[in-house]
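Counted the way full-length UniProt numbering counts, the sequence shown spans residues 1 to 281. We put the CB at the ideal spot given by N, CA and C, even for glycine. Inspection log for the structure reproduced underneath, given as structure tokens.
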Amino acid sequence: MDLATIRTAEGTTAAVRSGDRWLPLGAPDLSALLADPSWRTTAEAALASSGPDAGVAQADAELALPLPAPAKVICCGLNYADHITEMGRDLPEHPTLFAKFADTLTGPTDEIAVPPAAQGALDWEAELAVVIGTELRGAGEDEARAGIAGYTLANDISVRDWQKRTLQWFQGKAWDATNPLGPVLVTADAVDPEDGINITCEVNGIRRQTGNTKTLVFSAAALVAYISQFTVLRPGDVILTGTSGGVGMGMQPPQYLADGDTVVVEAEGLGRLANTIRFTD
């Protein structure tokens with residue numbers, strides 16, 4: 001199933017895709033939908049009972065930030081071997097983790113407003129994001145895999161000069177409304193990153209990243225299981241699984257995003273993020 005948060009004249013609503021239409025699901029967004037243990041039944045019932053003209057035509061639906069209120073956004077910083085190498089590091093024994101806030105997230109086509117303090121070394125990072133579907137605490141990998149609601153795309157836009165100020169990355173990763181997420185949540189029964197998902201990133205039409213989730217050092221299920229050992233994961237929480245090689249900081253010389261640049265993150269079956277950078281005064 002493809003799930004999304006769409007904008008309507010009345011506000012936003014969680015919705016499930018049926019052919020070329022989106023069927024509203026009675027919750028304001030996917031964060032609220034996933035908080036209901038019967039979210040899957042609700043979506044399946046909507047699909048089973050809908051007529052050909054029900055809901056909103058896909059062409060008329062504006063996709064919003066799918067998960068506006070995750071309690072936790074946890075990110076894995078070094079998880080593709082090629083990216084680890086370009087950063088001059090050894091393969092890790094344990095995941096390198098950091099956290100973001102929910103207000104770092106923005107929608108799949110939203111402009112990214114960048115204040116002056118962040119304009120010097122702004123970088124792209126195309127990533128697979130995991131969305132939790134059931135509460136997990138101390139889970140093994142099989143339980144973790146079963147507890148994943150589905151997958152979506154993310155672009156972990158990073159402010160590298162702030163990131164490098166200390167050994168802790170947090171201050172370079174947590175700028176408001178700089179992390180596009182979406183456009184849809186594809187449920188875990190329809191896609192498996194361990195089979196291999198190609199994720200690409202283009203900046204102004206030039207391919208910068210191509211990664212395949214088969215080459216993750218720590219799989220999605222392994223990350224979920226590991227994180228659940230020290231903090232409970234609940235429905236709607238988001239985990240970013242890391243980026244592949246090809247980031248701006250790894251280039252010689254480094255190349256960073258400028259005002260007006262458009263960054264596109266794409267994966268077959270998961271959709272497309274397309275966001276324009278806008279420097280603000």
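{"Asked": "What three-state label does DSSP hand Gly248 in the structure shown?", "Found": "helix"}
{"Asked": "In angstroms, rounded to a whole number, what distance separates the CA positions of Pro92 and Leu216?", "Found": "12 Å"}
{"Asked": "Among the residues of its own chain, which have a CB less than 7 Å from the CB of Ser31, if the five just before and after it don't count?", "Found": "Leu67, Pro68, Ala69, Pro70 and Gly236"}
{"Asked": "Measure the C-alpha to C-alpha separation of Val16 and Ala45 and round it to an integer number of angstroms.", "Found": "10 Å"}
{"Asked": "If I measure Cβ to Cβ from Ala139 and keep anything under 6 Å in the same chain, skipping five residues before and after, which residues do I get?", "Found": "Ala225 and Ser228"}
{"Asked": "Starting from Arg40, follow the alpha helix (DSSP H) in both directions and report where the run begins and ends.", "Found": "Trp39 to Ser49"}
{"Asked": "Along the chain, where does the beta strand (DSSP E) containing Gly211 start, and where does it finish?", "Found": "Ile206 to Asn212"}
{"Asked": "Compute the beta-carbon to beta-carbon distance between Thr104 and Asn179, rounded to the nearest angstrom, for a pair I have assumed lies under 8 Å.", "Found": "5 Å"}
{"Asked": "Under a three-way DSSP split, which group does Ala232 fall into?", "Found": "It is Val, not Ala, that sits at residue 232 in the sequence shown. Reduced to three states, the DSSP call for Val232 is coil."}
{"Asked": "With a threshold of 6 Å on Cβ separation, who are the neighbours of Asp29 within its own chain once the five nearest residues in sequence on each side are excluded?", "Found": "Thr5, Thr12, Ala14 and Pro68"}
{"Asked": "On the DSSP letters alone, give me the boundaries of the beta strand (DSSP E) that Ala61 sits inside.", "Found": "Looking at the DSSP string, Ala61 is not in any beta strand (DSSP E), and its letter there is neither H nor E."}
{"Asked": "Just reading off the beta strand (DSSP E) that Gly100 is part of, what are its end residues?", "Found": "The residue asked about is misnamed: residue 100 is Lys in this sequence, not Gly. It spans Leu97 to Lys100 - the beta strand (DSSP E) in which Lys100 sits, taken as one unbroken run."}
{"Asked": "Could you tell me the distance, in whole angstroms, from the CA atom of Ala154 to the CA atom of Ile197?", "Found": "14 Å"}
{"Asked": "Assuming Leu63 contacts Thr187 under a Cβ cut-off of 8 Å, what Cβ separation, rounded to an integer in Å, is found between them?", "Found": "Not really, about 16 Å apart at Cβ, beyond 8 Å."}
{"Asked": "What first and last residue would you give for the alpha helix (DSSP H) that runs through Ile84?", "Found": "Ala81 to Glu86"}
{"Asked": "If you count every other CB in all the chains shown that lies within 10 Å of the CB of His94, and 16 or more means buried, which is it?", "Found": "exposed"}
{"Asked": "May I have a chain-ordered list of the alpha helix (DSSP H) segments no shorter than 4 residues that lie completely inside the region 3-34?", "Found": "30-34"}
{"Asked": "Using 7 Å as the threshold, is the C-beta distance between Asp60 and Gly120 below it?", "Found": "no"}
{"Asked": "Which stretch, first to last residue, makes up the alpha helix (DSSP H) that contains Glu93?", "Found": "Unbroken run through Glu93: none, as it is neither H nor E."}
{"Asked": "Touching or not, the region 162-174 and the region 32-51, by the rule of three or more beta carbon pairs under 8 Å?", "Found": "no"}
{"Asked": "Give every residue of the same chain whose Cβ lies closer than 7 Å to the Cβ of Lys100, excluding the five residues on either side of it in the sequence, and list them in chain order.", "Found": "Val73, Cys75, Lys173, Ala174 and Asn179"}
{"Asked": "Is Gly271 buried or exposed, if buried means 16 or more other CB atoms sit within 10 Å of its CB?", "Found": "buried"}
{"Asked": "Apart from the five residues on each side of it in sequence, which residues of its chain come closer than 6 Å, Cβ to Cβ, to Gly248?", "Found": "Asp123, Pro254, Gln255 and Tyr256"}
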